[in-house]
Every structure is written in structure tokens, then in C-alpha cells.
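S.K.: First residue of the sequence shown: 1093, per the numbering used here; consecutive thereafter. Idealized CB from N, CA, C, for every residue including glycine. Handing you this structure, nothing more for now.
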Amino acid sequence: MPTSISDSPVLTLHPDDNVVIARIAISKGASFDARASLTAQNNIPFGHKIASTLICAGEPIRKFGQVIGFATEDIAPGQWVHTHNVTPGELELDYAFASEIPPDPEPITGRTFQGIVRPDGRIATRNYIGIISTVNCSATTSKYVAANFDQAILADYPNIDGVIALTHKEGCAYDYGGDQHQLLARTLAGFAKHPNIAAYVVLGLGCETAQASFMANKHDLTQLRMVGDEEEPQQMIMNIQDVGGVKKTVDRATSIIRDMLPEVNKIERSPVPVSEIMLACECGGSDGNSGITANPAVGIASDLLVAHGATSILAETPEICGGEHLLTRRAVSKEVGQKLIDLIDWWKEYAAKFGGTIDNNPSVGNKKGGLTTIYEKSLGAIAKGGSTALKGVYNYAEPITQKGFVVMDSPGFDPVSVTGMIASGANVALFTTGRGSCFGCKPVPCIKIATNTPMYDHMIDDMDINAGRILDGATVEEVGHEIFEKIIAVASGEQTKSEAQGIGDEEFSPWTIGPIL
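Given below as C-alpha cells:
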């Protein structure tokens, strides 16, 4: 794709493409040049596709130099190309495992951010206390506890970013020790052990399948009663039924957390290598510009982080479908590439069990924004992963230990996907959006990046960066470096727009994969 934009009303992304992209809304009858002179045969919305040559029925539609679907009828030059005349069809992809492994980027050293160093050496970007609910039946109790630590109370502890209740809608009525149980335990433990959680209390009901003791024993969930104490590690777990009801549990948990506050407040930020950043990359409310502006710019920032020795995570496995062959070629081994393909195959089977197909992923908003098929959406989404080698593929919420560019399996639903990446260890999140997703993800700061200027201006209180500048002449590289610098600033304590508005308490959403019995 081009790194800079001309004054033309349309964009040509690749020499092999048979569509161009409307850089602005184009009225029917308007003439413009795209290799040849074209006249718009329809009103073409901003970010949508226009045939640049005759495309016969059954022929592939090409964008980014890749097949994104097939014409269901003859499409004349200048015609609007979208869901009314395109079907996803079946792709024949050559995975060519590990055939195009890029060399590691030239290492960049010496750059630091102002991080929080925990006693065990883990690096935090924020300083929260967590109340972790094992089951929906303890969710209300957890929220009652968190409500006792409002801004007035925490004003005396300026180094504490908040006391958050991590609640959800599950935790029971599935197989004890089964896949769903293991996944939830792994996710909850990932948050409890996250560097941004300085201290925590686990609240259960007592009779649920998702026993706190199972999670604690499986994932070595122990901590000191108070941060900095000399006591032996203790499991900070209480069950409502054991304590004697909701009020007694709220009172006891509140008392324990109140005792934690002075010690949790005793933190100082200090210079930490950029290699300690683990970046979660997400796109939501995507549009036709996502794969042209914001996502490629995130890819530049991802490459810069990898060059600094850091980790960048791409998730949303269904939104890799159709572009997976581009990742398998850069996988460091056939085994890594095959694990990605195995996940894609699992998702196809998973969707089929419920009478669906992976092709139906694009949402109503995605389609209004110009995305026609899952293949087109995926090709734009994976641009967030930059250009470095794929070093590893991880299960949902599995602790990520590999430096460099990796993939973590997750659904395309944003809260579930980001929850998994944070549980895996991400300490900064990037979220690109073309339609205007308003998202936060406590205890991790989330930087929101607009794909187009009209939406950025319209939702200025929610957007941190305007990648739409690329459509006005800025280069992808310029915006990518802007994103990289914002990551450093936010990791060092600068508030994001979502943090300034207090967003992020309701977005904790572990993945539900199995039946509820």
C-alpha cells in the first residue's frame, strides 16, 4: 500500500488490485483518474471500494494485492463494489510455512520509560488493587467492596490508580477441570498476577464450580497479606458462604484492602528498558480505512517495539482468516505456522457447530464503513502485526514469555480479546477504530487510534491519536512513530482518553467457549 497519499479522491493500494478506495465520498457521475479515467456509477461512501476495471461474474476481487472475495455479477468500471455484488467464496491459500522469515530488526537500545518495578522484578505501567470475582454470584459483592474506595478515599493515596472489581457472568455449571474451567481459572489468575495489580482479594460464593482454591493451586496464586510485609505468603481468598453473607464479606474485604492502601501507595516510577513493554493490539468498529491508515501505522509501532526487544501481540483469530498465509510465511518455524492454521481450522469447526460460518464476522458497522468480507477485514487487521517474524502462537490467556511479534488465540469480540491479552501479560493496549469504539480496559491503559479524521473530530474526547492524517498526506511511518512515542508516554503514566473518563470497569470479559450445563 502507498506510504503517502496524493490529492486524488481515490486510493490505489496495490498494482494487482481491481478496485480503488474512495478517499472521500464520491457522487454519482463524478469523474476521476485511477490508472484510467473513471466515472462513478453510484454514490460511493467514504472508505468504500470502486471497480477500476471490468470484473466479470465469478472473478476475484483484489485489494491489498490479495483476494478478498468474488464477484456475483459483472461489475463495470466505476461501480460500487460491496456486499450486493460480492461473495466471500473459498480461497486457495499457499501457507508456505517459514519460507519468508524476515531477519530480526537492527536492535535499538538505550530507550527507557518510567515504569513501576515490583519486588519480584515484574514491570507495571499502572498501580491498581483488584477484587477478583470467581463467579457471577459474587459479582455484586465485589462491586460493593470496590464502591467503598471512591475518589475521595483514594485522594489520600495518589499513587494508587484505583480499586477495581473484576466481575463476569460465568463461573459455574460446566465440567469441573474441563476446558471452560481451565480457561476461566487461567484468565482470573492472569489478572491476579498481572504486574499492574499490586494487591488483590479473591471473592467467591463458595459452592461454585470455579473454586478459588482450584485457581490458586493450579496457578500458584499466593501473595503477602500486605505489600512489603515480612509475613509468609497467604492466599487472599474468601467465600461469601464461609464468611457469613454479603455484608460480612464486604466489611472484611474492605478492611483488608484498607490495610493494603498505605503499602500499595509506596511506589516510585523509575527508568525501565522499553523491552519490558508488552503491547496488546486490537481493532474494533473497523471501517474501510482501518487497513489503510491506523492498522499499518500500529504495525510500524509494533516493529519499533520489537526492535527495542519488546513484545507485540496480535489476537482475534477469526479476523486472521483469509490472511493467515501471510503470517505462516513469516513464522519462525513450520510448527509455529501450523499452530496458527490449527487454530483457524478450530474456529471454522466451532462456528459450524452452531450453524454459522467464519465468513459472517464483519458487523453491521464494519459493512457500513466499507468492509465487505472477512478476508478484507482480516487483511487489514493483521497489518497491526507489522513486518517482523512471527515468533510464537499462544492459547487464550496463556502467559506470554516470548519477545517479539506473537499471536494469541481469541474471538473477535473486543472485550473478550483484550481481556485475554491482558491475562497473558500485556501492560499497554492499542485500539484502532473507524466507527468510534469507546473502550478502556483497567488495569491496563488503552490508547485509541482513529482511522479517519471526521470520526476523530466528532469523538475527540475518546480518541487519542488521529491516523486519518494519513488520508490527508501524512505518511504511515510518521503516524507509526507518533503511536510509538504515545506508547512510551502512556507506559510512563500519561493518562489516555478512556482513563480520563474512568472507562474500563465493565470491559473485563473472559471468553466462554463451552456449553453451560
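Using DSSP bridges, identify the partner residues of residue 1498.
M.R.: 1405, 1484
S.K.: Hey, quick one: how far does the alpha helix (DSSP H) through residue 1546 stretch, first residue to last?
M.R.: 1545 to 1550
S.K.: Report yes if the C-beta distance between residue 1217 and residue 1263 is below 7 Å; otherwise report no.
M.R.: no
S.K.: Can you grab the Cα-Cα spacing for the pair residue 1447 / residue 1592, in whole Å?
M.R.: Taking C-alpha positions only, residue 1447 is separated from residue 1592 by approximately 42 Å.
S.K.: Taking DSSP as the reference, what is the three-state secondary structure of residue 1116?
M.R.: The answer is coil: DSSP assigns residue 1116 none of H, G, I, E or B.
S.K.: Just checking my contact of residue 1209 with residue 1364 at CB under 8 Å: how many whole Å lie between their CB atoms?
M.R.: 7 Å
S.K.: Considering Cα atoms alone, identify which of 1425, 1461, 1468, 1442 is closest to residue 1484.
M.R.: 1425
S.K.: According to DSSP, is residue 1222 helix, strand or coil?
M.R.: strand
S.K.: If we ignore side chains and look at the alpha-carbon of each, how far apart do residue 1282 and residue 1362 end up?
M.R.: 24 Å
S.K.: Looking only at its own chain, which residues have a Cβ that is under 8 Å from the Cβ of residue 1277, when we skip the five neighbours before and after it?
M.R.: For residue 1277, same chain residues with a beta-carbon under 8 Å away, outside a window of 5 residues either side, are 1302, 1306, 1307, 1310, 1311 in chain order.
S.K.: Between the C-alpha atoms of residue 1569 and residue 1392, what's the straight-line distance to the nearest angstrom?
M.R.: 6 Å
S.K.: When the Cβ atoms of the segment 1586 to 1602 are set against those of the segment 1398 to 1410, are three or more pairs found closer than 8 Å?
M.R.: no
S.K.: Can you name the residues that DSSP bridges to residue 1125?
M.R.: When DSSP reads this structure, residue 1125 sits in a beta bridge with 1129.
S.K.: Quick check on the DSSP output: the beta strand (DSSP E) that includes residue 1304 runs from which residue to which?
M.R.: Segment 1304 to 1310 is the alpha helix (DSSP H) holding residue 1304; no beta strand (DSSP E) there.
S.K.: Between the segment 1128 to 1147 and the segment 1455 to 1467, can you find at least three pairs of beta-carbon atoms closer than 8 Å?
M.R.: yes
S.K.: Leaving out the 5 sequence neighbours to the left and right, which residues in its chain are closer than 6 Å to residue 1154 when beta-carbon positions are compared?
M.R.: 1108, 1109, 1110
S.K.: Between residue 1233 and residue 1436, what straight-line distance do the alpha-carbon atoms span, to the nearest angstrom?
M.R.: Between residue 1233 and residue 1436, the alpha-carbon positions lie close to 39 Å from each other.
S.K.: Would you mind sorting residue 1172 into buried or exposed? The rule is 16 or more other CB atoms within 10 Å of its CB.
M.R.: Counting the other CB atoms within 10 Å of its CB gives residue 1172 a total of 16 or more, which places it among the buried residues.
S.K.: Tell me, which residues are paired with residue 1439 by DSSP?
M.R.: Its beta-bridge partners do not exist; DSSP assigns none.
S.K.: Under 8 Å, with one C-beta from each stretch per pair, do the segment 1512 to 1532 and the segment 1548 to 1556 reach the 3-pair mark?
M.R.: yes
S.K.: Can you look up residue 1180 in the DSSP assignment and give me helix, strand or coil?
M.R.: coil
S.K.: Do residue 1249 and residue 1331 have their C-beta atoms closer together than 7 Å?
M.R.: no
S.K.: Output the distance between the C-alpha atoms of residue 1242 and residue 1328, rounded to the nearest integer angstrom.
M.R.: 22 Å
S.K.: Classify residue 1444 as buried or exposed, calling it buried when 16 or more other Cβ atoms lie within 10 Å of its own Cβ.
M.R.: exposed
S.K.: Please name the residue in 1273, 1192, 1254, 1235 whose C-alpha comes closest to that of residue 1488.
M.R.: 1273
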